[in-house]
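A quick write-up on the structure given underneath.
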């Protein structure tokens with residue numbers, strides 16, 4: 397485990413150095429169309445994933461890429477780690493994320509988010525502000541963007557019970573577009589609230605899209621069921637791999653945390 401600790405330390409240092417390099421490289425894109433910023437963002441995502449493979453021996457497998465529809469779309473992803481907040485960026489032509497408002501205040505990084513017309517939200521805001529955010533997201537999707545949203549609202553520990561919010565159902569009903577569920581096991585390799593990064597096979601699985609036109613209750617029931625079932629399967633397979641690699645599942649990657 398000492399080697400994993402050292403590799404994790406090296407990766408985290410290189411990850412943020414790499415981010416700073418891409419931020420500087422992207423400065424000329426302020427004078428270009430927003431597509432140029434997106435190209436830089438996708439390059440950052442791919443290079444960070446490559447770096448994790450080289451330094452931490454964390455391989456990434458993508459399944460179901462052929463199931464990603466073109467055009468306006470809601471992408472509902474399981475959220476276990478910071479990893480998917482940048483990794484999913486690379487698969488969509490006009491991705492839209494709802495981010496913490498404070499990220500918009502970060503020099504350069506926040507300015508890029510604004511140029512890409514990402515939506516900043518104040519999590520402490522009242523219901524009226526959240527409704528305005530939902531309306532803004534729906535309008536963007538109807539104009540052709542792909543909204544990547546985490547239905548549980550925040551990162552959840554691997555073994556935490558599901559906690560799907562109603563906001564995604566409202567956006568889905570308002571937009572009238574398909575929803576692409578996404579399952580993953582990233583929390584075992586990039587756990588929240590620790591800098592440890594573990595080797596193994598991180599899997600992202602794009603599931604069968606749900607058609608437009610479902611009712612709110614039916615949609616929430618179906619999207620949560622398919623994501624949770626697939627995620628449990630991916631987590632169990634990854635834990636078996638970790639047990640073979642380490643003789644046990646690393647405590648910091650598998651222990652149950654309080655939500």
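In our numbering, the protein residues as written are 397 to 655. Ideal Cβ positions, reconstructed from N, Cα and C, are used throughout, including at glycine.
Can the beta-carbon of residue i be found closer than 7 Å to that of residue j?
i, j, result
"residue 386", "residue 564", "With the chain covering only 397 through 655, there is no way to say anything about residue 386."
"residue 630", "residue 579", "yes"
"residue 497", "residue 518", "yes"
"residue 455", "residue 449", "yes"
"residue 404", "residue 593", "yes"
"residue 542", "residue 488", "yes"
"residue 516", "residue 495", "yes"
"residue 633", "residue 457", "no"
Let's test the definition: count the other Cβ atoms within 10 Å of the Cβ of residue i and tell me whether it reaches 16, buried, or not, exposed.
i, result
"residue 649", "Low confidence applies here, because residue 649 scores a pLDDT of 41, under 50, leaving its location unreliable and the question unanswered by this model."
"residue 527", "exposed"
"residue 513", "exposed"
"residue 607", "exposed"
"residue 429", "exposed"
"residue 601", "buried"
"residue 417", "exposed"
"residue 636", "exposed"
"residue 421", "exposed"
"residue 654", "Because the pLDDT of residue 654 is 38, which lies under 50, any placement of that residue in the model is unreliable, and the number read from its coordinates should be weighed accordingly. Counting Cβ neighbours within 10 Å, residue 654 comes out exposed, since fewer than 16 surround it."
"residue 510", "exposed"
"residue 480", "buried"
"residue 397", "exposed"
"residue 446", "exposed"
Compute the beta-carbon to beta-carbon distance between residue i and residue j, rounded to the nearest angstrom, for a pair I have assumed lies under 8 Å.
i, j, result
"residue 353", "residue 419", "This structure leaves residue 353 out entirely; the chain is present only between 397 and 655."
"residue 575", "residue 472", "6 Å"
"residue 470", "residue 567", "6 Å"
"residue 474", "residue 590", "Incorrect: roughly 19 Å between the Cβ atoms, too far for contact."
What residue does the alpha helix (DSSP H) around residue i start on, and which one ends it?
i, result
"residue 516", "It is not in any alpha helix (DSSP H) - residue 516 instead sits in the beta strand (DSSP E) that spans 515-517."
"residue 504", "From DSSP, residue 504 is part of no alpha helix (DSSP H); its letter is neither H nor E."
"residue 630", "612-642"
Those runs of the alpha helix (DSSP H) which lie wholly inside the segment 420-502 and span at least 4 residues:
Those alpha helix (DSSP H) runs which fall completely within the segment 420-502 and span 4+ residues are 430-452, 479-483.
Suppose only complete runs of 3+ residues qualify. What are the beta strand (DSSP E) ranges in the segment 531-599, listed by chain order?
DSSP runs (the beta strand (DSSP E)) wholly in the segment 531-599: 542-545, 575-580.
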